Amino acid sequence: MIDEVVMLRHGRTQYNLEHRLQGQIDVPLDIVGQWQADQTGFALASRFYWAKVNHLAEHPELIAQPGFGAAERTDVRQWQQAPAASRRMAVVSSDLFRARQTAHAFADVLGLEVRVDARLRERSFGQWEGLTREEIKEQDAEAYASWKHHTGGETRYGVESRAQVGERGAAAVCDLIADPAINGEGAGRHDPVTLMLVGHGSWITATIANLLGLDPNGMNALGGLRNASWCRLKVRHTVNGQPVDTPYFELDEYNKTPAVADSADWENGPSDLRGAGMLDWRPVIW
């Protein structure tokens, strides 16, 4: 049974650096984004190391064994009997490449499979995809101002509304939680499962807002997410000991980054990754 959901945003891309709306345009991580994804991946792999123990316990053929003539074989029962093996993890990523890169930076360390699901795609920005805010403002200052103030003017350009994104995301999360192939119930299992979802900033914030019953257009409901940051929600399947048809969600962590983000320039990366002429990342100015 899935009792925890972690949502991880992808690392930085060139579009992020240039403040271009990516939406569902498929672009890769840049060198700093790969560094961010790796740093977060290492931190989360350390935190969730039990997922590797569980995976090896279920697939003992993957446990390294010494060659002929060794004094003894690796005892696979140590993995199978370890308390850490009692919990599983399922990793599901948006099908956009930047999210898949970020998912593999985490999952590959633990030996976990990455499933792909297009329902985790970023908010569609319609005709505005690929544009900067300056270009949008020049094109239609009224619609830009309405978007800025969360009054929906962007939808006239085919932009998916915040409410629509949140509904799409929440439906996907609830479907995945109920999916027997992911929660293990199809195989008759009832062990606890952490669901790791790797996706995009606007999708994550809108989805969490919907799951918590917040106004998707509320100006201060949830802040924006840094690249390669994560959020964590508890999933409640009972209330006062009684099962419920629809799970309840509690937000435990939001916009968390690894410790290195507090001591390094997280948005621009270390100096030895920055080639000549690379732009400096700047905060978004409306």
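Under full-length UniProt numbering, read the sequence shown as residues 1 to 286, first letter to last.
Note that the Cβ used here is the ideal one computed from N, Cα and C, for glycine as well.
All values derive from a computational prediction rather than experimental measurement.
Exposed unless 16 or more other CB atoms sit within 10 angstroms - verdict on residue i
i: residue 288; result: The structure shown has nothing for residue 288, since the chain only spans 1 to 286.
i: histidine 200; result: buried
i: proline 60; result: exposed
i: glutamine 88; result: The residue you asked about is not glutamine; residue 88 is arginine in the sequence shown. It is buried - the Cβ of arginine 88 has at least 16 other Cβ atoms within 10 Å.
i: glutamate 135; result: exposed
i: arginine 189; result: exposed
Residues of its chain near residue i, where Cβ-Cβ distance is below 7 Å and the 5 sequence neighbours each way are ignored
i: alanine 163; result: Pro216
i: tyrosine 157; result: Gly126, Gln127, Trp128 and Ala143
i: histidine 19; result: Thr132, Arg133 and Val284
i: residue 304; result: The structure shown has nothing for residue 304, since the chain only spans 1 to 286.
Under 8 Å between C-beta atoms of residue i and residue j
i: glycine 33; j: asparagine 227; result: yes
i: aspartate 117; j: alanine 172; result: yes
i: alanine 170; j: threonine 194; result: no
i: aspartate 252; j: arginine 232; result: yes
i: methionine 1; j: tryptophan 230; result: no
i: aspartate 26; j: leucine 96; result: yes
i: proline 243; j: aspartate 3; result: no
i: serine 202; j: valine 159; result: no
i: leucine 279; j: leucine 21; result: no
Three-state class that DSSP yields for residue i in the structure shown
i: methionine 190; result: One detail in the question is off: residue 190 reads as histidine in this sequence, not methionine. Of the three classes helix, strand and coil, the one that applies to histidine 190 here is coil, per DSSP.
i: glutamine 242; result: strand
i: phenylalanine 42; result: helix
i: glycine 153; result: helix
i: glycine 201; result: helix
i: isoleucine 2; result: strand
i: arginine 73; result: coil
i: arginine 168; result: helix
i: arginine 47; result: helix
Neighbourhood of residue i by C-beta distance below 6 Å, restricted to the same chain and skipping five residues each side
i: threonine 102; result: His10, Gly11, Ala37 and Val198
i: alanine 105; result: Ala37, Asp38 and Gly41
i: glycine 223; result: none
Neighbourhood of residue i by C-beta, 8 Å cutoff - its chain only, sequence neighbours within 5 removed
i: alanine 99; result: His10, Ser93, Leu120, Val198, Gly199 and His200
i: tryptophan 79; result: Val53, Leu56, Ala57, Pro60, Ile63 and Ala85
i: glutamate 122; result: Gln22, Gly23, Gln24, Ser94, Leu96, Gly199, His200, Gly201, Ser202 and Trp203
_Those runs of the beta strand (DSSP E) which lie wholly inside the segment 79-139 and span at least 3 residues_ = 88-93 and 114-116
*Could you give the uninterrupted runs of the beta strand (DSSP E) lying entirely in the segment 231-283, keeping only those of 3 residues or more?*
242-256
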